[in-house]
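The structure appears right after this line, and notes come after that.
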Amino acid sequence: MPHQVEVRVPDVGEAEEVEVIEVLVAPGDRVELEDTIVTLESDKATLELPAPQAGVVQSVAVSLGDSVEEGTLLLVLEVEPPAAVAREPAAQAGSETVHLPSADLRPTVSEPSFTPQAPPVPPARSPSGALAHAGPGVRRMARELGFELTGAEGTGPHGRILEEDVRAAVRTALSGTARRDASAPPAVDFSRYGETEVVALNRIRKLGARNLARAWETVPHVTQHDEADVTELEDFRRDHAERLVEEGVRLSPLIFAIKAVAIALRDFPRMRSSLLAGGQEVVVKHYFHIGVAVDTEFGLVVPVVRDVLQKGLRAIATEIAELAERARAKKLRPEHLEGSVFSISSLGGIGGTAFTPLVNAPEVGILGLSRTETKPVWDETEQRFVPRRTLPLSLSYDHRVIDGAEAVRFTTALVRLLGAPAHLLL
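Numbering-wise, this note's numbering puts 1089 at position 236 of the sequence shown, and it's gapless, one number per residue.
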């Protein structure tokens, strides 16, 4: 007779509380023994929790971003006897609790997989990819295709294998060609030339490196450079900056650029689109969420300012300050990082005259801002050079979706918007 099993958080060692960073099942899903159901993260490491038994998920008690501790209820499974793992017999039919085996979240260079109550097994020998980093649906797909998941390279969060990864690996296998990791550096013994030190990348930098390498390899990048005359904008900003600082609002050039991008995106819908699988269609988003790169000591993160088109400069400045503070304190939640249609990377506070920002796929465009400078500009009316304040712009775009003419029209629109602050207030 079917009965219900409560799955709870195991002993996580030194970490008193850990964060839920992935929930891989939903009510109604069928899971097999050792399918990953939830991924937890402490300040030092990540932990994948496997299903202790095969069954059907009845309810899920946690969601992304939740803080949990030992004994917290994760989900309820309905299982068929006999049980898939040994346990003390229940006194009566009904509900029982299964605690997953304990695991210590210690620092580690690589993201660990977790296998309960069993000796480690080399992933290559695992039938149907039992130890691979994939959800139940992907595992089911691999079984139906007769494909070993260990032969697929995961491109999802934390290296998770997605359905498209399985399809790509199957196509590669059928074509008789092996996939090559183009981002893997050559093996060099640097210690032959002098003293060295090996420093592990933290999780944010590892994920960033993986995503950037994938973007560079898969998106045909083109960068259009331009510059905006922001003399009037800077005068406007200085006139109001002191009063706004007293109110806790910092009105930097970035704030004006965010608003200008949102207005330009309204008139250039392909710039807020994404290419669909197969490369035959694009999906155009009718919302205006802008991702803004924030430099932290842990690495680069891109929180999202939502509904920019409907917000004023003061509201945007306040939200950017709050998101940046959260980013530097590692308190961003998943909803703070999702849903952007276009991104901005500003290096103006550091320096530089131009650069090539990498498209944050699946977006098709990203704007880079460099440091403003005063330049002599020829004035046709006065027939002389006059000092003007200019802001360098670098627009990188996916050439599969955006052509050069459209990119130039987009940057020209930005130049016009940034050239007169009144345009941003209409």
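Heads up, the beta-carbon is just placed ideally off N, CA and C, and yes, glycines get one too. All values derive from a computational prediction rather than experimental measurement.
| query | result |
| --- | --- |
| Under 7 Å Cβ to Cβ from residue 1207, same chain only, skipping five residues before and after it: list those, please. | 1078, 1223, 1245, 1247 |
| According to DSSP, is residue 861 helix, strand or coil? | strand |
| Just tell me which of 1112, 910, 1255 has its CA closest to the CA of residue 879. | 910 |
| So, helix, strand or coil for residue 1139, using DSSP? | coil |
| Which term fits residue 1160, buried or exposed, when burial requires 16 or more other beta carbons within 10 angstroms of its beta carbon? | exposed |
| How long is the line joining the alpha carbons of residue 1214 and residue 1235, rounded to whole angstroms? | 46 Å |
| Figure out for me which residue from 919, 876, 917 has the closest Cα to the Cα of residue 902. | 876 |
| Give me, in chain order, the residues of the same chain whose beta-carbon lies closer than 7 Å to that of residue 1122; leave out the 5 immediate sequence neighbours on both sides. | 1137 |
| Could you give the first and the last residue of the continuous alpha helix (DSSP H) run that contains residue 1275? | 1275-1278 |
| State buried or exposed for residue 1046, treating a residue as buried only when at least 16 other CB atoms are found within 10 Å of its CB. | exposed |
| According to DSSP, is residue 1163 helix, strand or coil? | helix |
| Does the stretch 1085-1096 come into contact with the stretch 1106-1114, if we say contact requires no fewer than three beta-carbon pairs (one atom in each stretch) closer than 8 Å? | yes |
| Would you mind reading off the limits of the beta strand (DSSP E) that contains residue 1226? | 1226-1232 |
| My output table needs one value for residue 1194: the three-state DSSP class, helix, strand or coil. | coil |
| Between the Cα of residue 1013 and those of 1184, 889, 1062, spot the shortest distance and give me the residue it belongs to. | 889 |
| I'd like to know whether the C-beta atoms of residue 1241 and residue 1128 end up nearer to each other than 7 Å. | no |
| According to the Cβ coordinates, are residue 1002 and residue 1021 closer than 7 Å? | no |
| If you reduce the DSSP assignment to three classes, tell me which class residue 982 lands in. | Confidence in residue 982 is poor, its pLDDT being 37 and thus under 50, which makes the residue's placement unreliable; the coordinate value appears in the next sentence. Helix. |
| Could you give the C-beta distance for residue 912 and residue 928, rounded to a whole number, given that I count them as a contact under 8 Å? | 6 Å |
| Kindly indicate the opening and closing residues of the beta strand (DSSP E) around residue 1243. | 1237-1251 |
| Determine the DSSP secondary structure at residue 1266, reduced to helix, strand or coil. | helix |
| I'd like to know whether the C-beta atoms of residue 1243 and residue 1080 end up nearer to each other than 7 Å. | yes |
| Can you give me the C-alpha to C-alpha distance between residue 1201 and residue 1164, rounded to a whole angstrom? | 23 Å |
| Near residue 918, what residues of its chain come up, given a Cβ to Cβ distance below 7 Å and the 5 sequence neighbours on each side ignored? | 872, 873, 1186, 1187 |
| Please state if the CB of residue 1142 and the CB of residue 1193 are separated by a distance shorter than 7 Å. | yes |
| Hey, how far is the Cα of residue 993 from the Cα of residue 893? | 23 Å |
| Which term fits residue 1054, buried or exposed, when burial requires 16 or more other beta carbons within 10 angstroms of its beta carbon? | exposed |
| Using a Cβ-Cβ cut-off of 7 Å (strictly less than) and excluding sequence neighbours within five positions of residue 1069, which residues of its own chain qualify? | 1211 |
| In the DSSP assignment, what residue or residues form a beta bridge with residue 903? | 889 |
| Can you tell me where the beta strand (DSSP E) with residue 1078 in it begins and where it stops? | 1074-1082 |
| Is residue 974 helix, strand or coil when you go by DSSP? | Bear in mind that the predicted position of residue 974 carries a pLDDT of just 34, short of 50, making it unreliable; the figure below should be weighed with that in mind. Looking at residue 974 - three-state DSSP - the assignment turns out to be coil, as it is neither helix nor strand. |
| Please confirm whether residue 915 has its beta-carbon closer than 7 Å to some beta-carbon of chain C. | The structure shown contains no chain C, having only a single protein chain. |
| Does residue 1212 come out as helix, strand or coil in the three-state DSSP assignment? | coil |
| Would a C-beta distance cut-off of 7 Å place residue 908 and residue 932 closer than the cut-off? | yes |
| Is residue 876 helix, strand or coil by DSSP? | strand |
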